[in-house]
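Some notes on the structure that comes next.
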Amino acid sequence: MRKILLYGILSFGLMGAMQAQNTDAPRPRPQFQHDPYNPMVHDPVLAKEGDTYYLFCTGRGVSRFSSKDLKKWDRMSPCFADIPESVTKAFAQAQLHLWAPDIIYHNGLWHLTYSCSAFAKNTSVIGHATSPTLDPESPDYKWTDCGVLVQSVPNRDEWNAIDSNIIVDETGKPWMNFGSFWGGIKMVQLTEDMNAVAQPEEWRTLARRPRSFKYDDTNPGDAAIEAPFIYKHGDWYYLLVSFDYCCRGNKSDYKVAVGRSQSVEGPFLDKEGKSLDMGGGTVILEGEGEKWAAVGHCAAYTIDGQDIFIAHAYAKDNGQSKLIVRPISWEEEWPVVKW
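Going by the working numbering, the first residue of the sequence shown is number 946, and it counts up by one from there.
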């Protein structure tokens, strides 16, 4: 579930070869060469401040890139050098590898949410931090830990607290949708400052898929749905989700599906009129030809008058997860994304 796999060449040299023969010696970390025009990312989201685009994605401390033109991407230092204190208090086994961020500007601050989880378990938390700016050269730049928004616990919750996305509706209310596998995609209303769930007793299920067996503490089931993102265009809210499996290199079969609603709270219906919370969803992008095995964990934006779709896609030749940026066109008020 939105986990990043690092691919590359493990370079030892003479010293590395000697260490490899010594089981007590630490092995070097796998390395890969950053390609600024074809960066390796997982679970990307986008923001623009001033003349610069900022890309956030899964990685150690939340990975970041910047670009002036959405084509050439420069690596930046991660958002966090250490695990935020609120996360370690909630999840003692937390590591700095943080998943599936989201970024949104609201009430004078940039709000960053991210997940920390045990792989294939719903031992998960969604953390929250704010900064007045995204520019690390600004004297105002600083990420402030604002706490954990939601936490899922095995044998207690039938949902998974990962893959967060926040949208502010036309009345100014912030909503967070999130989830993967288990009981599907959930939504909660947040407080005005986005620091807490506003109505803990009112949770909504936005989307789910049928399963062949009951999930449990150690198995999330086979109803593969995750990575929700709600995007407003015209009179409609569009719920984008990912079906099937990521994180398997060129054997991944991830794909993007959509439903729409005139209310941010749903229900979201696909092109056939089937609700996504009843297993519906119209696939709008999947693997393509000889180049791409799969695509998913997407986001969509209107920036400077452009409708932009971003996602990660798995290359067929080596299984690496690469950034794709594509324009969105519209047919009968449904989004169309082409390779």
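All residues carry an ideal CB built from backbone N, CA and C; glycine is no exception.
N-terminal and C-terminal residue of the beta strand (DSSP E) that residue i is part of
| i | result |
| --- | --- |
| E1171 | 1170-1178 |
| T997 | 997-1002 |
| S1031 | Run containing S1031: none in the beta strand (DSSP E); it sits in the alpha helix (DSSP H), 1030-1035. |
| P1046 | 1042-1051 |
| F1188 | 1181-1188 |
| V1113 | 1110-1113 |
| N1122 | 1119-1123 |
| Y1259 | 1251-1260 |
| L914 | In the structure as shown, the chain starts at 946 and stops at 1284, and residue 914 therefore has no counterpart that could be examined. |
| V1201 | 1200-1206 |
| A1039 | Neither: A1039 is in no beta strand (DSSP E) and is coded neither H nor E. |
| Q1096 | 1089-1097 |
| L1268 | 1266-1272 |
| P1280 | 1279-1281 |
| K1238 | Residue 1238 is actually Ala in this sequence, not Lys. Segment 1237-1248, the beta strand (DSSP E) holding A1238. |
| L1054 | 1054-1062 |
| H1073 | 1069-1076 |
| K1216 | Where K1216 is concerned, there is no enclosing beta strand (DSSP E), given that its DSSP letter is neither H nor E. |
| A992 | 990-994 |
| F1025 | Segment: none, F1025 is in no beta strand (DSSP E) and carries neither H nor E. |
Distance, residue j Cα to residue i Cα
| i | j | result |
| --- | --- | --- |
| D1262 | L1185 | 27 Å |
| R1205 | L1151 | 11 Å |
| I1112 | G1179 | 15 Å |
| N1122 | E1231 | 23 Å |
| S1220 | T1247 | 25 Å |
| P1027 | K1200 | Note that residue 1027 corresponds to Asp in the displayed sequence, not to Pro. When rounded, the distance between both Cα atoms is 33 Å. |
| W1181 | Q1207 | 5 Å |
| S1062 | E1235 | 33 Å |
| T1136 | P1119 | 7 Å |
| R972 | R1149 | Model confidence at R972 stands at a pLDDT of 44, short of 50, so the residue's coordinates are unreliable; what they give is reported in the following sentence. Computed Cα separation, rounded: 46 Å. |
| S1012 | S1083 | 17 Å |
| V1095 | W1127 | 16 Å |
| V1209 | D1114 | 7 Å |
| V1281 | Q1251 | 14 Å |
| H979 | S1022 | 14 Å |
| Q966 | I1273 | Confidence in Q966 is poor, its pLDDT being 34 and thus under 50, which makes the residue's placement too unreliable to answer from. |
| D1080 | Q1038 | 31 Å |
| L1054 | V1240 | 31 Å |
| L959 | M985 | In this predicted model, L959 has a pLDDT of only 27, less than 50, meaning its place in the structure is not dependable enough to derive any value. |
| D1249 | W1104 | 36 Å |
| E1147 | S1097 | 16 Å |
| K1177 | L991 | 15 Å |
8 Å Cβ shell around residue i - same chain, five flanking residues per side excluded
| i | result |
| --- | --- |
| D1108 | M946, R947, D988, W1044, A1045, S1060, F1123, G1124, S1125, E1171, A1172, P1173, H1242 |
| Q1144 | V1133, Q1134 |
| L1057 | F1001, V1007, C1024, P1046, D1047, I1048, H1073, A1074, T1075, S1076, W1088 |
| I1175 | N1110, I1112, W1120, N1122, Y1182, Y1183, L1184, L1185, V1209 |
| Q1040 | I1028, C1061 |
| N983 | K1267, L1268 |
| T1078 | E994, W1055, D1085, Y1086 |
Local Cβ density within 10 Å of residue i, reported as buried at 16 or more and exposed below that
| i | result |
| --- | --- |
| F1010 | buried |
| W1275 | exposed |
| T1116 | exposed |
| K1131 | buried |
| F1036 | buried |
| T968 | Note that T968 has pLDDT 37, beneath the 50 cutoff, so the model's placement of it is unreliable and no number is given. |
| F1213 | buried |
| Y1259 | buried |
| D996 | exposed |
| W1284 | exposed |
| R974 | With a pLDDT of 46 at R974, under the threshold of 50, the predicted position of this residue should be treated as unreliable, though the coordinate-derived value follows. Result: exposed. |
| R1005 | exposed |
| G1129 | buried |
| D1222 | buried |
| P1165 | buried |
| G1218 | exposed |
| N1100 | exposed |
| N1052 | exposed |
| I949 | Only weak support is given to the placement of I949: the predicted model assigns it a pLDDT of 37, under 50, and the value that follows is read from those uncertain coordinates. Buried is the call here. |
Close beta carbons around residue i, own chain, < 6 Å, minus the five adjacent residues each side
| i | result |
| --- | --- |
| E1277 | none |
| V1203 | Y1183, L1185, T1227, I1229 |
| A1238 | N1195, S1197, G1232, Y1259, K1261 |
| R1154 | A1168, I1170, G1224 |
| H1042 | R1005 |
Residues near residue i by beta carbon distance below 7 Å, same chain, minus five either side
| i | result |
| --- | --- |
| N1140 | H1073, C1091, G1092 |
| V1270 | L1015, I1253, I1255 |
| K1216 | T1227, W1279 |
| P981 | K1017, W1018, D1019 |
| A1065 | P1165 |
| D1102 | N1067 |
- Item | Touching by the beta-carbon criterion (3+ pairs, under 8 Å), the stretch 1264-1282 and the stretch 1191-1205 | In short, these stretches touch, since the Cβ pair count reaches three.
- Message: Is it the case that the stretch 1058-1074 contacts the stretch 1018-1037, given that we only count it when at least three CB pairs across the two stretches are under 8 Å?
- Response: Result yes; three or more Cβ-Cβ pairs closer than 8 Å.
- Item | Given 8 Å, three or more beta-carbon pairs between the stretch 1240-1257 and the stretch 986-1000 | At 8 Å Cβ cutoff, the stretches touch.
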